[in-house]
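Enquirer: In full-length UniProt numbering, the protein residues as written are 1 to 279. Note that beta-carbon positions come from the ideal geometry of N, C-alpha and C, so glycine has one too. All values derive from a computational prediction rather than experimental measurement.
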């Protein structure tokens, strides 16, 4: 089993392999739950939620289930062998739009390539020993929420997005710089400038062209490049000073985002990039 948590345990993730010949379960959870069947199948699955039949058939790879918090679920499973990933979202989480999860309908074993890709990518990162930051996972959860709404046929309303003022931008930038090695969350950035998280996220992206999580990750990568080029610090020390979980985490990040390793970067002495969005 693989587990992780973020945002003061308001976002949880687990990945497990499950085998059973036959079992009947009755349960509810205080968290909203999104489950993806990664591999494997069941010979038969029968699910009842809130005393109503919601699914009868088989679990298959790519099957997605969403159950709001505190909804009782009764499941009957026969000849099951599967691996699944589950994302748990607290009803108390202070992020824009998440309060609507309680009112969205249950769905069992539906398919959506976007949600599948998002959950699988999170599982893939954790399987390699890299724990993404809170900001990244909050953004991923927000994207999943949007897709769940789309599956329900909800229509998003267009909204005007103002921009952050110069002083506010400077405050945010200073906060990020001083916490570059920390697990920076959307809520912490919003608190730093006295704004609601959803309003801040919209205005930040309208100003910089990037979601907050992407901006923080890019800034951290730039700082790593600068330290590797301008100092002789060991790669492990550079990684530690910027909050990477390990030297291999930094190496993987540079390879993925820049197409180069720390050693190759130092050897080539690539000049500073000048295309990163500034405040």
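(1) What did DSSP end up calling residue 218 once you bin it into helix, strand or coil?
(2) Can you name, in chain order, every residue of its own chain whose Cβ lies under 7 Å from the Cβ of residue 327, other than the five neighbours on each side?
(3) Contact check, residue 10 vs residue 93 under 8 Å by CB: the rounded distance?
(4) Determine, using beta-carbon pairs with one atom in the segment 111–123 and one in the segment 220–232, whether at least three such pairs fall under 8 Å.
(5) Pairs of beta-carbons, one from the segment 194–214 and one from the segment 159–175, closer than 8 Å: are there three or more?
(6) So within the segment 65–150, which uninterrupted beta strand (DSSP E) runs reach at least 3 residues, ignoring any that extend past its ends?
(7) Measuring only the C-alpha atoms, how far is residue 41 from residue 177?
(8) Mind checking residue 79: buried by the 16 CB within 10 Å criterion, or exposed?
(9) Taking the alpha carbon of residue 24 as the reference point, which residue from 59, 243, 46, 32 has its own alpha carbon closest?
(10) Decide if residue 8 is buried, meaning its Cβ has at least 16 other Cβ atoms within 10 Å, or exposed.
(11) Reducing DSSP to helix, strand and coil, say where residue 175 ends up.
(12) Assess contact between the segment 65–77 and the segment 97–110, defined as three or more Cβ pairs (one per stretch) separated by less than 8 Å. Is contact present?
(13) Determine the DSSP secondary structure at residue 242, reduced to helix, strand or coil.
(14) Which residue's Cα is closest to the Cα of residue 6: 220, 258, 256, 139?
(15) Quick one: measure Cβ to Cβ for residue 26 and residue 74, integer angstroms, because I've assumed they're closer than 8 Å.
(16) Could you pull the DSSP bridge partners for residue 152 from this structure?
(17) In the DSSP assignment, find the beta strand (DSSP E) that holds residue 22 and state where it starts and stops.
(18) Tell me, to the nearest whole angstrom, how far the beta carbon of residue 38 is from that of residue 85; I am working on the premise that it is less than 8 Å.
(19) Please report how far the alpha carbon of residue 237 lies from the alpha carbon of residue 110, in whole angstroms.
(20) From which residue to which residue does the alpha helix (DSSP H) around residue 254 run?
(21) At what residues does the alpha helix (DSSP H) containing residue 197 begin and finish?
(22) For residue 43, write down the residues that DSSP places opposite it in a beta bridge.
(23) For a test of the three-state rule: what should DSSP assign to residue 231, helix, strand or coil?
(24) Leaving out five residues on either side along the sequence, give the residues of the same chain with a beta carbon under 8 Å from the beta carbon of residue 255.
Expert: Based on what the coordinates show:
(1) helix
(2) The shown model of the chain, from 1 to 279, leaves out residue 327, and the question about it has no answer.
(3) 4 Å
(4) no
(5) yes
(6) 73–89, 107–110
(7) 47 Å
(8) exposed
(9) 46
(10) exposed
(11) helix
(12) yes
(13) coil
(14) 139
(15) 5 Å
(16) In the DSSP output, where bridge partners are listed per residue, residue 152 has none listed.
(17) 11–27
(18) 6 Å
(19) 46 Å
(20) 247–258
(21) 197–208
(22) Note: residue 43 sits in no beta bridge, so no partner.
(23) coil
(24) 261
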